[in-house]
């Protein structure tokens, strides 16, 4: 259908507007995706921070990348939730019986995830600036940080799509995100991995969050990123592709 | 013979199974343009399956189905262009207001003037006062009205109503009936499923009874009444209700099996 193709982006815009309204009208979502990570940041900097030896003089600088990942991991659980609710309430069926490309429904949710997570990331960075976060990074480094965060968001969003489409209950739709939210704690996000016992350290150093955190930290402090950036990108792209394939399979099954 | 554009829906030999459990075992029917057609059946008879196939949400295993002259399997895009589905559960966005729901659908139907279209429908369905409240605050009847209003955006010539009054109180039911009658009056074809016999009796021009995956009888109410065993008529005074006809026919089929 030629006409459907012509309207693809417009229809997706309508879908985006719809779920952005959902987010802005739900205090719960705003509190969980921005205020909770900010509370974490305050807690770690002003309560635990004094006792944590990271080898840097500015713990906010050290901590920020991990906090951003936690915020994104929390944010995507709402993508799963919204998708699940759409399916349950029958609005997905309404959209599917209309003359619009069916994929706009899914892409609308994915785009919403990107936009809303970008907003919470910006809000958290602003709060971090007030707490003393400073970066010597140039425009290119900031763009690289944005790109990696966007890739990370996309990778997790497609996992969220699988969860939202295959969940049997509302709780199930968002429960998958808890382990992901927890991953930064067993990484170099809060403390250097050197302080961890052998097996934990081995896990921490080889899980995706560490390479992503290290890359963002290096970019923000104008340090060489080395191979770490490629490891981080490989993780994000790899997870994204696998999750995308399974998400599409789950979607085909549902429609 | 009816000409092609007088037939809104035609199904021939429609079959569908879920994991080897047959749900539809060769369903045949035709729906005339501009009529109200009621598909009657108990829970689990396969009514929703038929609606989903007609609305291109589900693919049949075999059989030919055309909607507004388009084959549902090969031309789903054209079918979707010419229909609207009101599913079993009110498919409204609860977080959006009534007005926003209508505007959203109008935009997705690519209408040039979504706002006046929404205003018109709000007025027509008595939702103007509640237009800027979130749909989650609506009563069951109001939600159903909004749901049907959303289906009318863009004036599709054929609308599917899958159990439109299930879960509504009697007042809400009457409201929906009134809307359906008005719809048919304006030339829209209505395909309705229901498990309430009086609903079919009230609304439908033609009624088909779906039982065990087949249409066991179809016709106008008058025609169905003629099928009622005449011997029985001698013993009762009043006209048989559709309920009695329904139960009698199903009972007869059971004996045959």
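Residue numbers (the UniProt record's numbering), protein chains in the order written: chain A, 1 to 255; chain B, 1 to 257. Just so you know, even glycine gets a beta-carbon here, dropped at the ideal spot from N, CA and C.
The way I'd put it, the region 40 to 58 of chain A doesn't touch the region 110 to 121 of chain A; fewer than three beta-carbon pairs between them come closer than 8 Å.
In terms of beta-carbon proximity, residue 249 of chain A stays away from the interface with chain B, with every pair separated by 8 Å or more. In the DSSP assignment, residue 37 of chain B falls within the unbroken beta strand (DSSP E) covering 36 to 40. Look at the region 69 to 95 of chain B and you find these whole runs of beta strand (DSSP E), each 3 residues long or longer: 83 to 86.
In the pairwise beta carbon analysis, the region 74 to 90 of chain A is classified as touching the region 157 to 167 of chain A: at least three pairs are separated by under 8 Å. Here the alpha carbons of residue 112 of chain B and residue 92 of chain A stand approximately 24 Å from one another. Using a CB distance below 7 Å, the part of the region 65 to 94 of chain A facing chain B consists of 89, 90, 91, 93 and 94, ordered along the chain.
The C-beta of residue 140 of chain A has fewer than 16 other C-beta atoms within 10 Å across all chains shown, which makes the residue exposed. Around the CB of residue 109 of chain A, 16 or more other CB atoms lie within 10 Å, so the residue is classed as buried. Proximity of residue 60 of chain B to chain A, defined by a Cβ-Cβ separation below 8 Å, is not satisfied. DSSP places residue 102 of chain A in the coil class of the three-state scheme, outside both helix and strand.
Put simply, the CB of residue 49 of chain B is far from chain A, with every gap to its CB atoms at 8 Å or more. For residue 117 of chain B, the enclosing alpha helix (DSSP H) starts and ends at 114 to 124.
Shown here for residue 199 of chain A: not one same chain residue has a beta carbon closer than 8 Å to its own, the five before and five after excluded.
In terms of Cα proximity to residue 127 of chain A, the closest of A/41, A/50 and A/228 is A/41. By a beta-carbon distance limit of 8 Å, residue 242 of chain B contacts residue 224 of chain B. Their separation comes to about 7 Å. Taken in chain order, the unbroken stretches of beta strand (DSSP E) that lie wholly in the region 160 to 228 of chain B and span 3 residues or more are 189 to 194, 206 to 211 and 214 to 219. Around residue 93 of chain B, the beta-carbon contacts reaching into chain A at under 7 Å are 18 and 91.
A direct Cα-to-Cα measurement between residue 32 of chain B and residue 141 of chain B gives close to 29 Å. For the region 96 to 127 of chain A, residues whose beta-carbon sits nearer than 8 Å to a beta-carbon of chain B comprise 96, 97, 98, 99 and 100. Ranked by Cα distance from residue 84 of chain B, the first of B/198, B/52, B/115 and B/139 is B/52. Short of 7 Å from the beta carbon of residue 157 of chain B, and not among the five residues preceding or following it, lie these beta carbons of its own chain, in chain order: 68, 82, 188 and 189.
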